[in-house]
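Peer 1:
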Amino acid sequence: MERFFVLDDVSYCYPGTSKAGVCQVNLDLEPGTFLAVLGANGSGKSTLARLCCGLLKPSSGRALVGGYATDQDEELKYIYEQVGIVFQHPENQFVASTVEREIAFGVENRTRSSQTIRTAVDEALSRFGLNALKTAQPQSLSGGEKRLLSLADIWVLKPKLIIVDEPLAMLDPGARKRITHLLAELKTTGQSLIWFTHGIAEVSAADRVLVMVDGRVVWSGTPAALLAMPAQASAWGITLPPATQIAFDLGITKRAITNENELVSALWK
Amino acid sequence: MEIKLADISVDFGRSGEQKEEALKKVSLRLKAGEAVALLGPIGSGKSTLLRVIAGLIKPVSGSLSVKPPEGTVGLSIQEPQRGFFAETVREEVAFGPENQDLPSAEVDLRVDWALTAVNLNPAKWEVSPLHLSGGEQRRVALAATLAMKPRFLLLDEPTIGLDSPGYQALTAVLQKLKAETDIGLLVASHDPDFLYALTERVLVLVGGKLYVDTSWGGLAGQEEVLASLGLQLPFLLSLLRRLQEAGAPVESTQDRIDGAWAELSRLRRAGKKGATGDE
Amino acid sequence: MNSLNYFPADSYWHLRDPRLKLLVVIGGTTLALTENRLGGQLFLLIVVGGLYLSAQLPWKRGWRTLLTFRWLLLITLLLNLWTGPPVTAFAYLLRLSNILLLSSWLLGVTETLTFIAGLELLLHPFRRVLPVGEIAMVLGLALSFFPLLLEEAGEIMLAQRARGVNLQAKWSKKIRGLLAMVIPLFIAALRRALAIAQAMEARGYVPGAPRGALYTPQWQKKDTLSAVLTLLLVLVWWGEKFVH
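Chains as they are written, first to last, in the numbering used here: chain A, 233 to 501; chain B, 27 to 305; chain C, 244 to 487.
1) Are the beta-carbon atoms of residue 133 of chain B and residue 124 of chain B separated by less than 7 angstroms?
2) Do residue 383 of chain C and residue 300 of chain C count as a contact pair if the criterion is CB distance below 7 angstroms?
3) Given 8 angstroms as the limit, is there contact between the segment 481–500 of chain A and the segment 286–298 of chain B, that is, 3 or more CB pairs closer than that?
4) If distances are taken between C-alpha atoms only, which option among A/270, A/241, A/258, A/437 comes closest to residue 189 of chain B?
5) Which class does residue 452 of chain A belong to by DSSP, given the choice of helix, strand or coil?
6) Within the continuous alpha helix (DSSP H) that includes residue 88 of chain B, where are the two ends?
7) Identify every run of the alpha helix (DSSP H) within the segment 366–409 of chain A, keeping only runs that are complete inside it and at least 4 residues long; order them along the chain.
8) At a CB distance below 9 angstroms, what residues from the segment 382–408 of chain C approach chain A? Give them in sequence order.
9) Which ranges does the beta strand (DSSP E) cover as unbroken runs of at least 3 residues, wholly within the segment 332–410 of chain C, from first to last along the chain?
10) Can you find the residues in the same chain that come closer than 6 angstroms, C-beta to C-beta, to residue 260 of chain B, ignoring five residues on each side of it along the sequence?
11) For residue 338 of chain C, which option in C/277, C/308, C/389, C/269 has the closest C-alpha, if you only look at C-alpha atoms?
12) Taking C-alpha atoms, which residue in A/305, A/323, A/289 lies nearest to residue 369 of chain A?
13) What residue range does the alpha helix (DSSP H) around residue 201 of chain B cover?
14) Where residue 462 of chain A and residue 441 of chain A are concerned, what is the direct C-alpha to C-alpha distance, given to the nearest angstrom?
15) So, at 8 angstroms on beta carbons, what are the nonlocal neighbours of residue 91 of chain B in its own chain, with the 5 sequence-adjacent residues on each side left out?
16) For chain C, find out if any of its Cβ atoms is closer than 7 angstroms to the Cβ of residue 145 of chain B; answer yes or no.
17) Can you list the residues of chain C that residue 343 of chain A reaches, using a CB-CB cut of under 7 angstroms?
18) If you drop the 5 nearest sequence neighbours on each side, which residues of the same chain put their C-beta closer than 8 angstroms to that of residue 357 of chain A?
19) Take residue 296 of chain B as the anchor and find which of A/482, A/491, A/493, A/487 has the nearest alpha-carbon.
20) Suppose only complete runs of 3+ residues qualify. What are the beta strand (DSSP E) ranges in the segment 221–266 of chain B, listed by chain order?
21) From the DSSP output, in three-state form, read off residue 288 of chain B for me.
22) Relative to the alpha-carbon of residue 456 of chain C, which residue among A/352, A/279, A/346, A/259 has its alpha-carbon at the smallest distance?
23) Let's test the definition: count the other Cβ atoms within 10 Å of the Cβ of residue 378 of chain A and tell me whether it reaches 16, buried, or not, exposed.
24) Quick check on DSSP: helix, strand or coil for residue 65 of chain B?
25) Can you tell me whether DSSP reads residue 125 of chain B as helix, strand or coil?
26) Quick test of your reading: residue 184 of chain B and residue 213 of chain B, contact by CB under 8 angstroms. State the CB separation rounded to the nearest angstrom.
27) Quick check: what's the CA-CA separation for residue 89 of chain B versus residue 83 of chain B?
28) For residue 444 of chain A, does the three-state DSSP call read helix, strand or coil?
29) Between the Cα of residue 241 of chain A and those of A/268, A/272, A/290, spot the shortest distance and give me the residue it belongs to.
30) Assuming residue 203 of chain B and residue 120 of chain B form a contact by the criterion Cβ under 8 angstroms, report the distance between their Cβ atoms to the nearest whole angstrom.
31) Grouping DSSP H, G and I as helix and E and B as strand, with all else coil, what is residue 151 of chain B?
32) Leaving aside the five residues before and after residue 296 of chain A along the sequence, list all residues of the same chain whose C-beta is less than 6 angstroms from its C-beta, in chain order.
33) Taking just the CA atoms, how far does residue 372 of chain A sit from residue 41 of chain B?
34) Compute the distance between the beta-carbons of residue 256 of chain A and residue 275 of chain A, then report whether it is under 7 angstroms.
35) How about residue 246 of chain C: is its C-beta nearer than 7 angstroms to some C-beta of chain B?
36) Could you round the C-beta distance between residue 272 of chain A and residue 447 of chain A to whole angstroms and report it? I think they count as a contact, below 8 angstroms.
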């Protein structure tokens, strides 16, 4: 059986500048998995994200999506059909003047049937709660709404793999919860998710975590396992949940602390 | 030296697409040497308030009843690296003092001082600012404002987009600045933990209205009000409250973060001695 | 109220196909360009007034449009007064005014994206010579880009003012100040352009490939009727000129 998503010794070097590249990353993703890639800014996360969806071609090694290779130009369109990427600044990817036309953009690239387009757009509007904002201008939406729209844009194309880069940046707590919930739900429809960020707290529901430092993958395991090694995680530049950070700073090492309640119990029984 | 605002209102109205942040009758007072937090959700008017104080926006009504003299207020906008245009970090930082018509010897001194104050590796002083990491760029932008030697430093969401190392580096720089100079600080952010680490007084601004103007200790007693406004207490303060509710003997030395840490350390040691703890 | 923006309303003209409205404006502009008599231009002005009325556009909009282009109009008038009889000069003034008013009318009754869609459909016959689809896409993108860039420019200007930039200062400072505004804006624009291009590619956009559309302008009977009437008006007008 064909492996769905594979990175085979993939490397990428930015020509000229000293910007972080990616070095010999290996990855094998099962369908329906939630993978988190953690790393400080500049660790190569964004580069890797682009390598995963075909926007960048590897300098060496191969990236394969559903059997298609990203370095083959003729195969790129099949790859784009299967992978959707949502970037860090949603306003930089909006192409239309109204929310519904924005969602329609991707579908319009696939079919000429107005009916199909209409149905798909309506489905996405419903799923992401954007019906009331159908005719609003994307740039006038709030941060959380923009994020929802950028997700809807991709979701409407029903990709098998969705890649998100810092999806919760600049969102208030209410919006963060909503988006996290929505992303976690993707698994129920068999879609895979790769979530790039620098904080563990937001990806605690991930099936697996990779840690990147200076372009290399230095660790792989579960979120719980990573939380049990706060000193090492900190050294790698990863943002710990506040309770974990404080527990670590206070010298509580016997057990892993992941939230406020556990910390309270640890400090005062 | 102080700044006083009386009943400032700013109303942009809907200028086509962009929702501008309005201010509704905001009054406050800032003294030199004070470190004040402006806490509020994203888009609550914090940026607008900072710009009014910096003299960059004129209020629709109300006034700066005590205006700071020209050039004494330094404002660092959100994502300040957007304003980079020079070929090297040095030139970028020198821009502000040059605009102040200072002799070039003085400009150089200022640049050196500012870049040292933000802890930027001297090896990076001659590179293009665009080649630095996000955290370093933030510090360079801060240096650019500091080099103008303002008496009041206004920071607009300085931690947005920073990862843990960048965040810690910035906090350390600001704490050192506070300790070594008598600069007045007004920091606007939606991150209560960052604010708690730097300030003693907190103003809560939501929807353009100033709801609270108190110390952190005072804020700790208003958790419900905060929650209704969509905000949270700094984690340390919240933790101390939970501990207090669980019966721990917490004293109220909570106005400053050092106090909160001292409390927690004390409890930790007490818990250890209690033997049923985990150590 | 901007004199060149879409003016939301439910008039007869708002509901018409954008191609028809383009045709009306082309017809009107052709008449304006071929009519040399003052009386003729005055009559055309009344027709344009009728268009504004039936589109529920306020007269102020027309006035504002002319004000926007006042220098152009003034220079035209003065040049022509200098080189010919006053009657001709005013006729030319009205000619220019009519064209400007017609354009403003068009932009008032058609939403920009619909306008671009209409333009694309009209240019369809030329698709072998011109990259019609891409032109439409680029126009649409530029339209959403532009306000963003304006906003970014505002932010950058504010930031540089906070660093002491004063554009009224002496030359050397002025130039540095301008660079401090222009370079960051340029960088921001390039960044955005790259980001949008990548996002579009990743969502399957292939320049030149056939695409669907959520909304396609629908040509209705009323549009045919209006088109025929416009054509008749133009023919009668010309016919009348030749008779005289």
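Just so you know, even glycine gets a beta-carbon here, dropped at the ideal spot from N, CA and C.
Peer 2: By the coordinates alone:
1) yes
2) no
3) yes
4) A/270
5) strand
6) Note, residue 88 of chain B: premise wrong, no alpha helix (DSSP H); beta strand (DSSP E) at 87–92.
7) 375–387
8) 383, 384, 386, 387, 390, 391, 394
9) none
10) 218, 219, 222
11) C/277
12) A/323
13) 190–206
14) 14 angstroms
15) 30, 31, 32
16) no
17) 455
18) 331, 332, 335, 363, 366, 384
19) A/482
20) 227–232, 235–241
21) helix
22) A/346
23) buried
24) strand
25) helix
26) 7 angstroms
27) 12 angstroms
28) strand
29) A/290
30) 19 angstroms between Cβ atoms; not a contact.
31) coil
32) 238
33) Because residue 41 of chain B carries a pLDDT of 39, less than 50, the predicted location of this residue cannot be relied on, and the following value inherits that uncertainty. For residue 41 of chain B and residue 372 of chain A, the distance between alpha carbons rounds to 11 angstroms.
34) no
35) no
36) At roughly 12 angstroms, the Cβ-Cβ gap does not stay under 8 angstroms, so residue 272 of chain A and residue 447 of chain A are not in contact.
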